[in-house]
Amino acid sequence: MTQKERYALTLNYFSATNPIVGTELEYNDPFGLIVSVILSAQCTDKRVNLITPALLERYPDAESMAKADQSDIFSYIKSCSYPNNKAKHLCGMSKMLVDEFKGQIPSDPVLLQKLPGVGRKTANVIASVIFRKPVMAVDTHVFRVSARIGLTRNARTPKDAEEQLTRNIPVEMMHNAHHWLILHGRYVCKARNPMCSECGLSGFCKYFKDQTTRNKNINR
480 MTQKERYALT LNYFSATNPI VGTELEYNDP FGLIVSVILS AQCTDKRVNL
530 ITPALLERYP DAESMAKADQ SDIFSYIKSC SYPNNKAKHL CGMSKMLVDE
580 FKGQIPSDPV LLQKLPGVGR KTANVIASVI FRKPVMAVDT HVFRVSARIG
630 LTRNARTPKD AEEQLTRNIP VEMMHNAHHW LILHGRYVCK ARNPMCSECG
680 LSGFCKYFKD QTTRNKNINR
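Mapping of the sequence shown onto our numbering: residues 480 to 699, in sequence order.
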């Protein structure tokens, strides 16, 4: 099977089974999303969605959050992972938005990465979800799933995986593909116990083929 065929089968499957897809983070505007994405680092979307309503009611925009003390922000987000660092990032991010971007979220991933707490993955999430930029955010789910299916080959870093996926996924499908891979990794192709028997991709999945071959060899 060629890589082109593998990508086509994967994208066709996701398009047919989950045509309407989006982030599981709950937000009302671009500022709300960037706050949620910063909080979501090594934290579940479910936990973030419990935290953000009160936080964003108190600080609904960059201008109000820029005036907040780090300790005040901490009090709202203390139940998430690394709350001290994230409170610091939210303070710095808000102040930079006000000082350098007139309180508006930039659409360029390069500019987004200037903001405290915003790395390459976070910048790509914002650019994709809010501005529909054809960029691929690679988190642990996307990295794992794309390697298992065989969409990426010998990708050692998230950037390696991002470059391979971006080269092979049509621009018009990039936004959805990001969510498809995340959700597949979250609910089907899990890290420890992938649900291969329930997966519609197993017919051409490299991981499933390798596991099947390995089990046959063990049972001989």
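Think of the CB as a built atom: it goes at the ideal place given N, C-alpha and C, for glycine as much as any other residue.
Which whole-angstrom value describes the C-beta separation of residue i and residue j, a residue pair presumed to lie in contact below a C-beta threshold of 8 Å?
i      : j      : result
PRO509 : ILE628 : So it is not a contact: roughly 31 Å between Cβ atoms.
PHE622 : SER586 : That belief does not hold up - the Cβ atoms of PHE622 and SER586 are roughly 25 Å apart, past 8 Å.
LEU662 : MET615 : In fact, because the Cβ distance is near 15 Å, the residues do not count as touching under 8 Å.
SER573 : ALA606 : Between ALA606 and SER573 the Cβ distance is about 19 Å, and since that is not below 8 Å, they are no contact.
CYS559 : ARG526 : 6 Å
LYS600 : PRO637 : 7 Å
PRO649 : LYS612 : About 14 Å separates the two Cβ atoms, so there is no contact after all.
GLY664 : THR496 : 15 Å between Cβ atoms; not a contact.
ASN647 : GLN482 : 6 Å
VAL514 : LEU535 : 7 Å
Can you tell which of the options has its C-alpha closest to the C-alpha of residue i?
i      : options                           : result
THR531 : PRO498, LEU569, ALA545 and LEU576 : LEU569
HIS657 : ARG485, GLU503 and LEU576         : GLU503
GLU641 : MET572, ASN603 and GLN549         : ASN603
ALA566 : LYS574, ILE556 and ALA634         : ILE556
MET653 : PHE553, GLY501 and THR496         : GLY501
TYR492 : ARG693, SER681, CYS522 and ASN672 : SER681
PHE432 : GLU651, ILE499, THR691 and ASP540 : Residue 432 cannot be examined here, being either before or after the span of the chain that is shown, 480 to 699.
ILE499 : MET480, PRO595, ASN655 and GLU677 : ASN655
ASP618 : SER519, ASN672 and GLN690         : SER519
Helix, strand or coil for residue i? Go by DSSP, reduced to three states.
i      : result
THR502 : coil
PRO637 : helix
LEU535 : helix
ASP587 : coil
ASP508 : coil
TYR561 : coil
ILE648 : coil
LYS685 : helix
GLY664 : helix
CYS678 : coil
CYS522 : coil
THR481 : coil
PHE610 : coil
ASP551 : helix
GLY571 : helix
LEU775 : For the chain, the structure presents residues 480 to 699; residue 775 sits outside this window and is missing.
GLN643 : helix
LEU594 : coil
ALA616 : coil
LEU576 : helix
ASN603 : helix
Can we count residue i as close to the ligand FAD, meaning its CB is less than 7 Å from some heavy atom?
i      : result
ALA533 : For the structure depicted, the ligand FAD is absent and the ligand set is empty, with no information on it obtainable.
Which residues in the same chain as residue i place their Cβ atom closer than 6 Å to its Cβ, once the five residues preceding and following it in sequence are excluded?
i      : result
VAL597 : LEU591
ASN564 : none
MET575 : LEU594
Who are the near neighbours of residue i in its chain, counting only those whose CB is closer than 8 Å to its CB and skipping five residues on each side?
i      : result
PRO562 : PHE553 and ILE556
ARG485 : ILE628, GLY629, LEU630 and PHE683
Who are the near neighbours of residue i in its chain, counting only those whose CB is closer than 7 Å to its CB and skipping five residues on each side?
i      : result
GLU542 : VAL577 and GLY582
LEU660 : HIS620, VAL621, VAL624 and SER625
LEU512 : LEU504, TYR506, ILE605, VAL608 and ILE609
MET674 : VAL667
LEU488 : PHE683
ALA670 : ARG623
CYS522 : CYS559 and SER560
GLN549 : ALA566, LYS567 and CYS570
ALA533 : TYR555
Can a CB atom of chain C be found closer than 8 Å to the CB of residue i?
i      : result
ILE556 : This model lacks chain C altogether, as it is built from one protein chain only.
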